[in-house]
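Visitor:
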Amino acid sequence: MTDRYAVIGHPISHSKSPQIHAAFAQATGQDISYTAIEAPLEGFATTVQAFRAQGGRGVNVTLPFKLQACEFASHPSDAARLAGAANALKFDGERVWAENFDGVGLVNDLQNNRGRALKGARVLLLGAGGATRGALLPIALQGPAVLAVANRTADKAHALRRDFVAHAALQASGYDELAGEAFDVVINATSAGLSGEALPLPASLFAPGALAYDMVYGKGLTPFLRQAQAAGVAALADGVGMLVEQAAEAFAWWRGVRPGTREVIARLSVPLV
Ligand code: ATR
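Start counting the sequence shown at 72; every next residue gets the next number (the numbering used here).
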């Protein structure tokens, strides 16, 4: 029997997840269907319950429901609880398991696809919202030499540092305090670029040979990547690999089979111009 999965968000029409999971299912011979469901803004839980009642086995969850997905679960993972957000649910009888694979997807993309070992690296995350929160623990587990968070509202970066104090020694600041510092991996986890805005970053922020990584995907050269390029950074990446890698984690969690990601990443990649 075909097992049913879906991605739930609002809006959802832009989602690449059905395409990604269809490719994984074909490559691994798994008999699944995977659809996109737009839940009303006030109707996340009702939508999930209805999908479950119809025999759904699991869902991915995207904006703006990741926080609610974590609350909805009876068994959230440590990663989901610490992030306060989940992007994948698995239904198992009465139990609802929740995971957050965004961070591990990012780490796998950086290390396995981009050849950037995080152990001993100086890593900076820009932004202190949900995207950063989800990425911190998986990055910290790799043992970077420095793990820093900088945010427009410095207080939010400091609050994150306190929340993660038992798990990681975070350096927290506003952007103006970054002067004189240099990082090997700089990750944009803000939504500033969506409105075309650049961040007030010093050019000296990027160490020689640094990688600039924007979590946004499919937009070509974002304002952040353009800024990094202007500062002399040659290694530029958008978030398409993170997207596909988190999907592979969810697929493996649901199905017990790990799909390859390279071909799917190549197919969804758009040139950074
Ligand atoms: P997400 O879940 O995608 O992380 P979020 O929780 O709303 O979204 O967080 C958005 C992040 O982008 C925040 O770090 C926000 O900075 P503030 O905390 O100071 O608001 C950041 N951001 C959004 N627009 C920005 C801009 N124009 N300049 C700088 N930072 C911006």
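For glycine and all other residues, C-beta sits at the position ideal for the given N, C-alpha and C. Nothing here was measured: the structure is a model prediction, and the numbers come from that model.
(1) Tell whether a beta-carbon distance below 8 Å holds between residue 253 and residue 196.
(2) Would the beta-carbon of residue 317 fall within 8 Å of that of residue 173?
(3) CA-CA distance, residue 333 and residue 327?
(4) Am I right that residue 309 and residue 343 are in contact with their C-beta atoms under 8 Å? What's the rounded C-beta distance?
(5) Are the region 132-150 and the region 74-81 touching by the rule of at least three beta carbon pairs closer than 8 Å?
(6) Let's test the definition: count the other Cβ atoms within 10 Å of the Cβ of residue 311 and tell me whether it reaches 16, buried, or not, exposed.
(7) Between the C-alpha atoms of residue 297 and residue 126, what's the straight-line distance to the nearest angstrom?
(8) By Cβ distance below 8 Å, which residues in the same chain neighbour residue 84 in space, the five residues on each side in sequence not counted?
(9) Take residue 139 as the anchor and find which of 324, 128, 124 and 169 has the nearest alpha-carbon.
(10) Within 7 Å: the Cβ of residue 261 and any heavy atom of the ligand ATR?
(11) On the three-state DSSP scale, how would you describe residue 226?
(12) Please go through the same chain and pick out, in chain order, the residues whose beta-carbon is closer than 6 Å to the beta-carbon of residue 288, but skip the five residues on each side of it.
(13) Under a three-way DSSP split, which group does residue 284 fall into?
(14) Can you pull the DSSP bridge partners for residue 341?
Guide: This is what the structure gives:
(1) Position 182 of the sequence shown, counting from 1, holds the residue named residue 253. Position 125 of the sequence shown, counting from 1, holds the residue named residue 196. Going by C-beta atoms, residue 253 is not nearer than 8 Å to residue 196.
(2) The count along the sequence shown starts at 1 and reaches residue 317 at position 246. The count along the sequence shown starts at 1 and reaches residue 173 at position 102. The Cβ atoms of residue 317 and residue 173 lie closer than 8 Å to each other.
(3) Along the sequence shown, read from residue 1 onward, the residue named residue 333 stands at position 262. Along the sequence shown, read from residue 1 onward, the residue named residue 327 stands at position 256. Residue 327 has its alpha-carbon roughly 19 Å from the corresponding atom of residue 333.
(4) Position 238 of the sequence shown, counting from 1, holds the residue named residue 309. Position 272 of the sequence shown, counting from 1, holds the residue named residue 343. The Cβ separation is near 6 Å, so the contact holds.
(5) Cβ pair count under 8 Å is three or more, so yes.
(6) For the purposes of this step, residue 311 is identified with residue 240 of the sequence shown, where counting begins at 1. Residue 311 is buried by the Cβ-count criterion.
(7) Counting from 1 along the sequence shown, the entry for residue 297 is found at position 226. Counting from 1 along the sequence shown, the entry for residue 126 is found at position 55. Put simply, the backbone Cα of residue 297 is about 46 Å away from that of residue 126.
(8) Taking the sequence shown and counting its residues from 1, the one referred to as residue 84 is at position 13. Around residue 84: 107 and 109.
(9) For this step, residue 139 is matched to residue 68 along the sequence shown. Answer by Cα proximity: 169.
(10) Taking the first residue of the sequence shown as 1, we reach residue 261 at position 190. For the ligand ATR, at least one heavy atom lies less than 7 Å from the Cβ of residue 261.
(11) As a first step, residue 226 is located in the sequence shown; it is residue number 155 there, counting from the start. The answer is helix: DSSP assigns residue 226 an H, G or I state.
(12) Counting from one through the sequence shown, the residue named residue 288 turns up at place 217. Result list for residue 288: 309, 310, 311 and 314, in chain order.
(13) By one-based count along the sequence shown, residue 284 stands at place 213. Reduced to three states, the DSSP call for residue 284 is strand.
(14) On the sequence shown, residue 341 is found 270 positions in, with the first residue counted as 1. Per DSSP, residue 341 has no beta bridge partner at all.
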